[in-house]
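Residue numbers (the UniProt record's numbering): 1 to 393.
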């Protein structure tokens, strides 16, 4: 990294390191006062408004845990795809259905199917688990600490295929330098002090509006790049945890990775511009705009799911037929087999098949495996909502 590339207002400096120099960011807050245009405060107000709407929806709607898991899964998939994973939505739900069917036949078998160890699905499942672990820790009164971050990092990378992990150090800070192209982040000896300062800044409440401080934290974390691998995944996960910790989220149902994924070049350019030129305002405008857009997107998607649930209850509720009961259970089991239906309602295979076939005719279910036997089905309209691209931007 050429020292001439670092501008006079850059919030960091180059430190000689052998034949190279590494970038050492200044501690937060930024040394100069931030100077935002009026439009930024409008975006900040939008972000606060939509986060409030999302929290209200989360409190008022009696959604099954499966639906919130589905929204969390969307975040996990987007985060994995940023790192180059190729994730099949159906494969993840198929895993759970296979496990449900297997456990129903043999209660002593509590393991997921072997497909859970495929390299891309494992990353998504790890991300989901790490979010759940982080939320549970905060609910138990824990604070954001080095130990919690190490634990989440270990969860994220454990069991991931070796060609998808570029470090042997899991659950601990890096022990060897890691390059990002021509950029050399802080080397291992500098990480402890920088991370301690960053966590302290967050825990004392920062200096700015909480959403601005979370944006500052994310930039600083990714610039320090404290782990040998998994920094992007953990950094995005920490955004969700911080929004929850500061009371902006009632549930982990804001999937900011979708915004980063669709604006990846700008995401990289905005952070690079801070490192080299100190242009904090452009990065923070980008970050807060993402929160506003994704919060609105999450509200719209959640309300669409609720409207669909109410429609099913109106059309199929109040009847004891297996078909009707299955329709009203799709929000609990959106991916299923005939064996799943047999287990849920204690019916014969022929009855389960007729119920599925009838809901196929009604457009609620679709077969997704293309097999002659052991067919798997998914709730078509639910997945249409979950998988649709952003509708609000």
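Ideal placement from N, C-alpha and C gives every residue a C-beta, glycine not left out.
Residue i, DSSP secondary structure in three states
| i | result |
| --- | --- |
| residue 24 | strand |
| residue 36 | coil |
| residue 60 | helix |
| residue 387 | helix |
| residue 180 | strand |
| residue 362 | coil |
| residue 207 | coil |
| residue 76 | helix |
| residue 321 | coil |
| residue 255 | coil |
| residue 95 | helix |
| residue 382 | helix |
| residue 31 | coil |
| residue 6 | coil |
| residue 392 | coil |
| residue 225 | coil |
| residue 134 | helix |
| residue 112 | Residue placement at residue 112 is flagged as unreliable, the pLDDT there being 45, under the threshold of 50; the coordinate-derived value follows with that caveat. In this structure, residue 112 counts as coil in the three-state DSSP scheme. |
| residue 185 | coil |
| residue 190 | helix |
| residue 151 | helix |
| residue 250 | coil |
Boundaries of the beta strand (DSSP E) in which residue i is found, first to last residue
| i | result |
| --- | --- |
| residue 13 | 12-17 |
Assumed close pair residue i, residue j - CB separation to whole angstroms, cut-off 8 Å
| i | j | result |
| --- | --- | --- |
| residue 222 | residue 235 | 5 Å |
| residue 254 | residue 295 | 6 Å |
| residue 178 | residue 228 | 6 Å |
| residue 356 | residue 335 | No, residue 356 and residue 335 are not in contact; Cβ-Cβ is about 12 Å, not under 8 Å. |
| residue 121 | residue 95 | 7 Å |
| residue 211 | residue 288 | 6 Å |
| residue 322 | residue 351 | 5 Å |
| residue 278 | residue 16 | Not really, about 22 Å apart at Cβ, beyond 8 Å. |
| residue 293 | residue 175 | Contact doesn't hold; Cβ gap of about 38 Å is too wide. |
| residue 214 | residue 186 | Not really, about 21 Å apart at Cβ, beyond 8 Å. |
| residue 257 | residue 131 | About 11 Å; that fails the 8 Å criterion. |
From the options, residue whose alpha carbon lies closest to that of residue i
| i | options | result |
| --- | --- | --- |
| residue 28 | 193, 126, 382 | 193 |
| residue 7 | 293, 275, 368, 302 | 275 |
| residue 171 | 189, 159, 88, 149 | 149 |
| residue 358 | 43, 379, 14, 277 | 379 |
| residue 62 | 302, 273, 201, 78 | 302 |
| residue 147 | 134, 158, 139 | 134 |
| residue 100 | 351, 333, 168, 349 | 333 |
| residue 23 | 362, 188, 92 | 188 |
| residue 331 | 385, 293, 292 | 385 |
| residue 282 | 292, 267, 291, 293 | 267 |
| residue 19 | 184, 314, 313 | 184 |
| residue 271 | 382, 314, 218 | 218 |
| residue 48 | 375, 248, 342 | 248 |
| residue 32 | 137, 382, 207 | 207 |
| residue 87 | 54, 127, 97, 53 | 127 |
| residue 103 | 375, 70, 155, 344 | 344 |
| residue 291 | 38, 46, 14 | 46 |
| residue 93 | 273, 69, 318 | 69 |
Beta-ladder partner(s) of residue i, from DSSP
| i | result |
| --- | --- |
| residue 336 | 377 |
Residue range of the alpha helix (DSSP H) that includes residue i
| i | result |
| --- | --- |
| residue 365 | Premise fails: residue 365 lies in the beta strand (DSSP E), 365-367, not in any alpha helix (DSSP H). |
| residue 240 | 231-245 |
| residue 371 | Unbroken run through residue 371: none, as it is neither H nor E. |
| residue 268 | 264-277 |
| residue 158 | Run containing residue 158: none; DSSP gives neither H nor E here. |
| residue 330 | Neither: residue 330 is in no alpha helix (DSSP H) and is coded neither H nor E. |
| residue 288 | 280-316 |
Neighbour flag for residue i against chain B, beta carbons, 7 Å
| i | result |
| --- | --- |
| residue 148 | Absent here is chain B; the protein component of the structure consists of one chain. |
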